[in-house]
Amino acid sequence: MINLKGVVKKLNLSRFIIHEKLMCVGIRLIISVTFLLLVVSVRLQAQDTKVSHPFMWKSFNNPAYSGFDGLAGVNIGMQRSYWSKPLDFRSYFVSADYAFQEKRTFGLGGLSLFYQRDQESSVMYVTQLFAAALSARVKLSRSTVLQVGLQPSLYCKSVDPSKLTLGDQFDPFYGQILDISPELMSFYADKVTIFDMAAGIYGQTDFNVAWHGVASLEYGFSVYHIIESTQSFLSEHGSASSEENLLNRRYSGYVSYAHPFALGNQINTVLSPYVMIDVQSVMRNLQFGVCWEEERFGLIGLGVRGDQFEGLQVGTLLVHLGVNIPGGRDSGWKIGYTCEVPTHQGTMYQNTSHSLSLHWYYRIVPKRCIQRFDNSPNNSKRARMKRKNKAFHF
């Protein structure tokens with residue numbers, strides 16, 4: 000006779016071993032990707048202005064994310080920094096995302112359009128960005144998908160030389176005026192237009208966790224300013240130094256992990272730590288934090304960012320807040336806010352910043368729109384749907 004109890008025990012033991020192996024593989028992958036990003040940040044010499052809650056602006060930080068989540072949407076944001084000197088630096092962000100259908104699209108993922116404006120309060124230095132990103136999609140396995148993307152961009156920069164006086168030095172990164180140079184700059188042009196290209200790769204891997212839950216690991220890497228600048232404020236064709244000051248190549252990496260937690264029968268939450276690294280010339284930026292999001296209300300999170308600019312080091316504490324506003328069955332709104340408070344800083348680079356953004360989305364590719372709450376471990380209805388389908392969908 001067949002010992003059914005023994006067979007059941009062996010099956011349970013096999014499932015436990017497989018689950019443990021998958022968890023080990025996931026942990027090793029997280030450690031490996033994080034280590035790689037840290038090595039890149041050390042070896043290279045952070046960054047263009049970016050919104051302080053990157054988990055809501057993924058396509059803005061990586062062209063490969065366009066259409067990744069199967070959503071069409073519009074995003075509007077503003078970020079304002081108050082410097083220790085009487086300078087006010089502000090940025091405006093607008094983007095639109097569209098995900099292509101999976102049939103007869105030749106593997107395309109999505110299309111995104113971007114506009115960004117950075118300006119110093121006296122409008123001494125202004126940068127405008129016009130860009131479009133196109134991505135392609137490949138499914139490596141039932142639980143892993145990758146996208147690659149390209150982003151052609153147009154930068155329009157302008158400066159007002161009349162507001163520069165003897166002893167001023169032009170800082171193109173922040174629009175700051177640093178009183179450390181005894182020479183008066185001679186400007187060849189007050190407006191320049193620069194064509195640029197960016198590229199990126201973005202992926203996601205899902206794996207089972209306890210009690211029928213599904214966790215996800217997201218990872219991305221992007222390179223901006225691939226094409227060297229041929230324009231300069233200081234000369235007709237631009238010297239090597241002035242070209243580098245206009246557009247320094249930027250390397251950006253992002254890793255996040257989303258783990259579902261259920262509180263009660265219908266309260267679904269996700270805990271999501273993230274790491275973002277930017278390296279641009281002599282500037283380095285490392286930001287990491289954790290966010291806790293509830294399905295119906297929104298999120299709250301804390302983060303820490305460290306900036307390095309030549310000899311200056313700035314530490315910043317970030318407080319994230321988010322609100323979810325349901326719309327129709329396949330649409331909704333999100334509001335994001337981040338406050339940045341310096342914890343330690345060097346000289347004049349201390350600042351307090353506020354970022355506010357509004358996001359509208361519509362599920363245009365339902366098969367790809369399996370959101371983080373759809374696989375909550377304690378939602379009986381969604382668990383039954385997942386067991387019925389017996390597959391991951393992207």
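Take the sequence shown: its position 257, counting from 1, is numbered 256 in numbering that gives the first Met the number 0, and each next residue is one higher. Where a beta carbon is used, it is the ideal one built from N, C-alpha and C, also for glycine.
If you run the structure through DSSP and keep just helix, strand and coil, what is S142?
coil
Which one of W291, G310 and Q78 has the shortest CA to CA distance from R89?
Q78
When the Cα atoms are used, what is the spatial distance from E339 to G202?
29 Å
Would A130 and S65 qualify as a contact pair, given that the criterion is a beta-carbon distance under 8 Å?
no
Kindly list the residues whose CB is nearer than 6 Å to the CB of T48, restricted to its own chain and excluding five residues on each side of it in sequence; keep chain order.
S90 and D117
DSSP three-state call for M55: helix, strand or coil?
helix
Supposed contact pair P53 and Y253 - C-beta distance, whole angstroms, cut 8 Å:
7 Å
Out of V322, A214 and D87, state which residue places its alpha-carbon closest to the alpha-carbon of S356.
V322
Do you know offhand how far V191's Cα is from T268's?
48 Å
Assigned exposure category for E309 - 16 Cβ within 10 Å defines buried:
exposed
DSSP bridge partner residues for A95 (one or two, in chain order):
V73 and L112
Could you give the DSSP three-state label for N323: helix, strand or coil?
strand
Could you work out which residue in G302, L316, D306 and Y361 is closest to S330 when comparing CA atoms only?
Y361
Reference C155, options D189, D87 and R328, closest by Cα:
D189
State the CB to CB distance for the pair G288 and G300, rounded to an integer number of angstroms; the pair is presumed to be in contact (CB under 8 Å).
6 Å
Assign V303 to one of two classes, buried (16 or more other C-beta atoms within 10 Å of its C-beta) or exposed (fewer than that).
exposed
Determine whether the beta carbon atoms of L145 and L139 lie at a separation below 8 Å.
yes
Rounded to whole angstroms, what is the Cα-Cα separation between V213 and V364?
20 Å
Rounding to the nearest angstrom, what Cα-Cα distance links E292 and H358 in this structure?
16 Å
Distance CB(Y124)-CB(G109) smaller than 8 Å:
no
Cβ separation of T204 and T126, assumed to be a contact under 8 Å, to the nearest whole Å:
Contact doesn't hold; Cβ gap of about 36 Å is too wide.
Might you give, ordered along the chain, the residues of its own chain that have their beta carbon closer than 6 Å to the beta carbon of L216, omitting 5 neighbours on each side?
T204 and Y256
Under 8 Å between C-beta atoms of N60 and S251:
yes
How many angstroms separate the CA atom of S51 from the CA atom of T337?
6 Å
State the CB to CB distance for the pair S354 and G69, rounded to an integer number of angstroms; the pair is presumed to be in contact (CB under 8 Å).
Incorrect: roughly 26 Å between the Cβ atoms, too far for contact.
Would you list the residues sitting across from Y64 in a DSSP beta bridge?
Answer is none; Y64 lacks a bridge partner.
How many Å lie between M196 and L149 at the Cα?
7 Å
Can the beta-carbon of G305 be found less than 8 Å from the beta-carbon of L285?
yes
Determine the closest residue to R248 out of V281, V158 and I225, with distance taken between C-alpha atoms.
I225
With the cut-off set at 8 Å, would you say S94 and S134 are in Cβ contact?
no
Please list the terminal residues of the continuous beta strand (DSSP E) segment that includes S161.
Where S161 is concerned, there is no enclosing beta strand (DSSP E), given that its DSSP letter is neither H nor E.
Please name the residue or residues paired with I276 in a DSSP beta bridge.
G252 and L285
How far does the beta strand (DSSP E) with L262 in it extend, from its first residue to its last?
Looking at the DSSP string, L262 is not in any beta strand (DSSP E), and its letter there is neither H nor E.
Which residues mark the beginning and the end of the beta strand (DSSP E) in which E217 is found?
G212 to Y223
Under a three-way DSSP split, which group does K333 fall into?
strand
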